[in-house]
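Protein sequence lines correspond, in order, to chains A and B.
The opening residue of the first sequence carries number 11 in this note's numbering; numbering runs sequentially from there.
The opening residue of the second sequence carries number 3 in this note's numbering; numbering runs sequentially from there.
Just so you know, even glycine gets a beta-carbon here, dropped at the ideal spot from N, CA and C.
Below is one structure; the comments refer to it alone.
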Amino acid sequence: MGADMRNRTILALGEAHMRGVIAHVTTTPNAHMRFWIITMMLVLVGLSTLKLR
Amino acid sequence: MLFELTKWLATDVHGFHVFNYITFRAVLATLTALAISFMVGPAMIRKLTEYKVGQAVRDDGPQTHLVKAGTPTMGGALILVAISVSTLLWGNLHNRFIWVVLITTLGFGAVGWVDDYRKVVYKNPKGLSAKEKYFWQSVVGLGVAAFLYATATTPVETTLIVPFFKHLVFPLSAAGFIVLTYLVIVGSSNAVNLTDGLDGLATLPTVMVGSALAIFSYVAGHAVFSKYLGIPYVAGASELMVFCAAMAGAGLGFLWFNAYPAEVFMGDVGALALGAALGVVAVIVRQEIVLFIMGGVFVIETFSVAAQVLYFKYTKKMTGTGKRIFLMAPLHHHYEQKGWKETQVVVRFWIITMMLVLVGLSTLKLR
């Protein structure tokens, strides 16, 4: 117990989209657009299930 | 190349027959182009920064863009590498259309590369002179147009199709076809180039229009679907779906780095090539007018520049003082001057393109 269990966070700030912004790696629009790109890729994977079965 | 390998392997292992499906190879082409962009992108941006291949910002553009000076440009080379490698891996290399679109894309990319190189080396935002640029674009554009006419196997490949009207078609003469094809390819190339003035503004519309053209290619090259939907059947055009899918993947991968605030610009090497690619695919699948609709943002940006210049010259001649229609041309700068944030202009133009692409896709059914 004690020190190791205190105040540990997985991400700099939840939700995931805040992490890059807080860490000054990305800006808000940059984070938005990159999440959109990920969604587009996932939609493509979803659509591919029409053919791949 | 991998398509050839899988065809050979399919003779022994039945599972490899899945690679015969164009749709499956299109998905793989997208993922391959994405992977190349993600893997090569960061290293390429580092190298471009190291070699000081930085964008020289227009001195007559918006003041807010001065901070962009020095951002690496010529990132379009990454798109071209991703498209070419992916298409060569997953496309059927015995298909003439694949080679036509690849050569057109790389040809216009070469013109853009020279333009960017001069801008970077000589620090001159104007780059290649307009005459030189149009000359080399015309050489490639006319060459491709003549080749497509000479190798057309059916009359429909040289017929102008009017969307929304099932029986309204115009068979074109050799001159008519070559002129139309030239205008579509060169016009589309320059239109995308003019649009590429804000972070990500040209990239996603290119991906969206390219994805829609992938669907048109698939349908145009499918005897049953094309007959059912009443659109021209162009044998072999389905293979262009692989190319369009690679373009979409490469564009999305590039957008990762090009989204506001951009870490890299595509430059003319990317914009001229992508525009020409859209144009030549639209010509092959006989959907030039639909491209005009779906690429409405590119079209309106081009018209805004033409209108601004002509109106300025006309009023200067008539009154002695040049007047402007827009606060600044191209149109995206007009909205920036009106107070819209750069990201607002970009995302709103994307939304408009999405709607126009839906209108374009509706022509598949509505005729």
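- Membership of B:T32 in the alpha helix (DSSP H) is indicated by the continuous run 24–52.
- Non-local beta-carbon contacts of B:G298 in its own chain, meaning distances under 6 Å to residues more than five positions away in sequence, involve L358 in chain order.
- Around the beta carbon of B:P332, 16 or more other beta carbons sit within 10 angstroms, so the residue counts as buried.
- At a cut-off of 7 Å between beta carbons, B:Y220 makes no contact with chain A.
- By the Cβ test, the segment 113–122 of chain B is not in contact with the segment 89–97 of chain B, since fewer than three Cβ pairs between them sit closer than 8 Å.
- Taking the CA atoms as reference points, B:W101 sits about 7 Å from B:L95.
- The Cβ atoms of B:L174 and B:T160 lie closer than 7 Å to each other.
- It is roughly 36 Å from the alpha-carbon of B:W342 to the alpha-carbon of B:V164.
- What B:Y230 touches in chain A, judged by beta-carbon distance under 9 Å, is nothing: the nearest beta carbon there is about 18 Å away.
- Look at A:I47: its C-beta is under 7 Å from a C-beta on chain B.
- Within the segment 202–226 of chain B, the residues whose Cβ lies closer than 9 Å to any Cβ of chain A are, in chain order, G202, L206, V209.
- Taking each of B:A71, B:F267, B:A308, B:L360 in turn and checking the Cα distance to B:W115, the smallest one comes out for B:F267.
- In the DSSP assignment, B:V171 falls within the unbroken beta strand (DSSP E) covering 171–173.
- Burial state of B:Q289 is buried, judged by a 10 Å Cβ sphere holding 16 or more other Cβ atoms.
- Within chain A, no residue has its beta carbon less than 7 Å from that of B:L80; the closest one is some 15 Å off.
- In the structure shown, A:L52 falls within a helical segment according to DSSP collapsed to helix, strand and coil.
- Rounded to the nearest whole angstrom, the C-alpha separation of B:L33 and B:A252 is 9 Å.
- For B:P74, the three-state secondary structure derived from DSSP is strand.
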